[in-house]
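Asker: Numbering (our numbering), first residue to last: 5 to 224. Sharing a structure below in structure tokens format, with a few things to ask.
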């Protein structure tokens, strides 16, 4: 109960901080980043001076990030989303707000992937490779990766914790030295985070108030 209360208080405070960017209504489904996590993400973009952003799992975070980038005056976002309907909504909202030049939302269906654990799918391999390669060639190496997808509902309860594992093996080569990695649902992703930490020589710090785990990648 204490943990739930702390999260509720953190989210309430985050709503107040986010208010300047909540210029019109956005749906915040259960799968979306919690307000406290979204505020922490925006803090990392600003304080860390992050400019080439990559997001796995599109949503209200994509639109709010675009609003922040527009107000700041620089930065780009590539968002990968497996749900076609949700990707279409985010793209439409960005166009309505005149922000589509800052964000590219790509619908990438889930498919068998060589980096998947236990035969679990991930975003379509060729599509992700082509999109990320083109993005990096145009804007430079990624300096912030948000792992908030695929949606865990796409796997059985037993497999859900491993569904997001391919993010680091697939994308590590596209990331800059000193890049930030933020992973949502840190508690449920403990096994994946441990595997990433061991394979990539990094340490993830978990924040119970936001539900995020964060690391900064060393060179190499």
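Glycine included, C-beta positions come from ideal geometry on N, C-alpha and C.
Please list, in chain order, all residues of the same chain as residue 5 whose beta carbon is under 7 Å from its beta carbon, the five residues on each side excluded.
Answerer: Below a pLDDT of 50, predicted positions are generally treated as unreliable, and residue 5, at 48, falls in that range; the measurement from the model is reported next regardless. Cβ neighbours of residue 5 beyond the five flanking positions: none.
Asker: Do you know how far the Cα of residue 87 is from the Cα of residue 33?
Answerer: The alpha-carbon atoms of residue 33 and residue 87 are separated by roughly 13 Å.
Asker: Within the continuous beta strand (DSSP E) that includes residue 147, where are the two ends?
Answerer: Element bounds for residue 147: 146-151.
Asker: Three-state secondary structure (DSSP) at residue 127?
Answerer: Note: residue 127 maps to strand in three-state DSSP.
Asker: Closest to residue 37 by C-alpha separation, out of 53, 59, 79, 20, would be which residue?
Answerer: Looking at the Cα atoms, 59 is the closest of the given residues.
Asker: Whose C-alpha, out of 70, 39, 135, is nearest the C-alpha of residue 54?
Answerer: Closest option to residue 54, Cα to Cα, is 70.
Asker: Indicate the three-state DSSP secondary structure (helix, strand or coil) for residue 95 in the structure shown.
Answerer: Correct three-state label for residue 95: helix.
Asker: Could you name the residues of the same chain whose beta carbon sits closer than 7 Å to that of residue 2, not counting the 5 residues immediately before and after it, in chain order?
Answerer: Outside the displayed span of the chain (5 to 224) sits residue 2, for which this structure offers no information.
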